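Reading through the structure tokens given below for one structure.
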Amino acid sequence: MTESPDGRAPTPRRKSRPHAQTAVRRNEILEAAVEVFGRKGYSNSTLAEIAQQVNMTHAGILHHFGSKHQLLLDVLQFRDDTDVQNLPGQRVPDGIEFFRHLVTTALSNAHRAGLVQTFVVLSAESVTEGHPARDYFVSRYQTLRAEALQAFEMICAERGVVPPAQASLAAAAILAVMDGLQVQWLLDPTNVDLVAATEFAIDAILASVLEPRASILERA
101 MTESPDGRAP
111 TPRRKSRPHA
121 QTAVRRNEIL
131 EAAVEVFGRK
141 GYSNSTLAEI
151 AQQVNMTHAG
161 ILHHFGSKHQ
171 LLLDVLQFRD
181 DTDVQNLPGQ
191 RVPDGIEFFR
201 HLVTTALSNA
211 HRAGLVQTFV
221 VLSAESVTEG
231 HPARDYFVSR
241 YQTLRAEALQ
251 AFEMICAERG
261 VVPPAQASLA
271 AAAILAVMDG
281 LQVQWLLDPT
291 NVDLVAATEF
301 AIDAILASVL
311 EPRASILERA
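If you count by my numbering, then the sequence shown holds residues 101 to 320, one letter each, in order.
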């Protein structure tokens with residue numbers, strides 16, 4: 101707070117808020133980074149290429165994000181935010197609605213190939229030694245597996261079914277199927293129906309948890 105020269109009551113300092121122009125510029129950079137990272141991967145991309153996409157300098161990108169590493173993390177957060185931006189409370193739902201949300205996400209992804217490609221490229225690249233997004237993806241998959249398992253357990257409880265021991269396997273399998281279908285769809289979108297195949301797989305895995313039976317793959 102500051103005191104006025106005439107001795108009147110001090111007035112609080114106004115907190116500075118980011119200029120709207122800055123927010124717009126950051127989003128432009130993020131969208132450009134999504135395109136470049138998706139096309140070339142993180143390791144083969146440069147800030148100069150991203151800067152060129154938005155008519156900025158390398159220094160201008162650093163002014164907004166500080167480093168290429170931080171830009172990558174913000175791109176991943178940007179991608180996550182788009183998945184929940186229209187959800188109540190901007191969080192994933194519970195129970196059966198969690199799995200419906202996954203199908204809805206596949207429907208959204210079918211209209212944003214660039215963002216899907218960026219995720220696919222960066223997630224694959226993150227398994228390499230020293231990749232800056234490795235911790236992000238490890239944490240992301242741990243969280244998603246836990247959310248899927250919790251959704252399975254909630255559905256089983258609602259139906260009076262004891263969750264089978266394989267529920268944790270089912271949680272991992274659903275994520276694997278979704279990510280694998282995205283790769284197939286990016287490579288051959290004409291012959292791979294991303295939404296229908298995703299819904300089919302999730303429905304089949306849900307059925308295997310709610311009505312467990314002996315594996316038909318087991319040897320006699």
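For each residue, glycine too, the CB sits at the ideal point set by N, CA and C. As the structure is a prediction and not an experimental result, all values here were calculated from the model.
Measure the C-alpha to C-alpha separation of S208 and F219 and round it to an integer number of angstroms.
Residue mapping note: residue 208 aligns to position 108 of the sequence shown, counting from 1. Residue mapping note: residue 219 aligns to position 119 of the sequence shown, counting from 1. For S208 and F219, the distance between alpha carbons rounds to 14 Å.
Identify, in the order they occur along the chain, each residue of the same chain with its Cβ nearer than 7 Å to the Cβ of D183, setting aside the five sequence neighbours on each side.
As a first step, residue 183 is located in the sequence shown; it is residue number 83 there, counting from the start. T205.
Would you check if there are 3 or more beta carbon pairs closer than 8 Å linking the stretch 146-154 to the stretch 228-245?
Because the criterion of three Cβ pairs below 8 Å is not met, the stretch 146-154 and the stretch 228-245 do not touch.
Helix, strand or coil for S116, going by three-state DSSP, please let me know.
Along the sequence shown, read from residue 1 onward, the residue named residue 116 stands at position 16. The predicted position of S116 is uncertain, since its pLDDT is 45 and thus under 50; a value taken from the coordinates is nonetheless stated next. In the structure shown, the three-state DSSP call for S116 is coil.
Residues near E318 by beta carbon distance below 8 Å, same chain, minus five either side
Residue mapping note: residue 318 aligns to position 218 of the sequence shown, counting from 1. So no residue of the chain qualifies.
Residue closest to A267, alpha-carbon to alpha-carbon, out of V309, W285, S223, D303
Indexing the sequence shown from 1 puts residue 267 at position 167. Relative to A267, the option among V309, W285, S223, D303 whose CA is nearest is V309.
Going along the chain, which residues of its own chain have a beta-carbon closer than 7 Å to the beta-carbon of H201, five neighbours each way excluded?
For the purposes of this step, residue 201 is taken as the residue at position 101 of the sequence shown. Sequence-distant partners of H201 (beyond 5 residues in either direction) whose C-beta falls short of 7 Å from its own C-beta, in its chain, are V192, P193.
When DSSP labels each residue in this structure, what does Q185 get in the three-state scheme?
Locating residue 185 in the sequence shown gives position 85, counting from the first residue. Here DSSP, grouped into helix, strand and coil, assigns Q185 to coil.
Do L275 and L244 come within 9 Å of each other at the CB atom, strictly closer than that value?
By one-based count along the sequence shown, residue 244 stands at place 144. By one-based count along the sequence shown, residue 275 stands at place 175. Their beta carbons are under 9 Å apart, which means L244 touches L275 by this criterion.
I'd like the list of long-range same chain contacts for H164, defined as Cβ closer than 7 Å, with 5 residues on each side in sequence excluded.
As a first step, residue 164 must be located in the sequence shown, where it is residue number 64. Its chain contains R125, R126, I129 as the residues whose beta carbon lies nearer than 7 Å to that of H164, once the 5 sequence neighbours on both sides are disregarded; these appear in chain order.
Report the CB separation of Q153 from A132 in whole angstroms; it is logged as a contact under 8 Å.
Taking the sequence shown and counting its residues from 1, one reaches residue 153 at position 53. Taking the sequence shown and counting its residues from 1, one reaches residue 132 at position 32. Correct: roughly 4 Å between the Cβ atoms.
Test item: CB-CB of E225 and G280 under 9 Å
Working through the sequence shown from its first residue, we reach residue 225 at position 125. Working through the sequence shown from its first residue, we reach residue 280 at position 180. In this structure, E225 sits away from G280, with a CB-CB distance that is not shorter than 9 Å.
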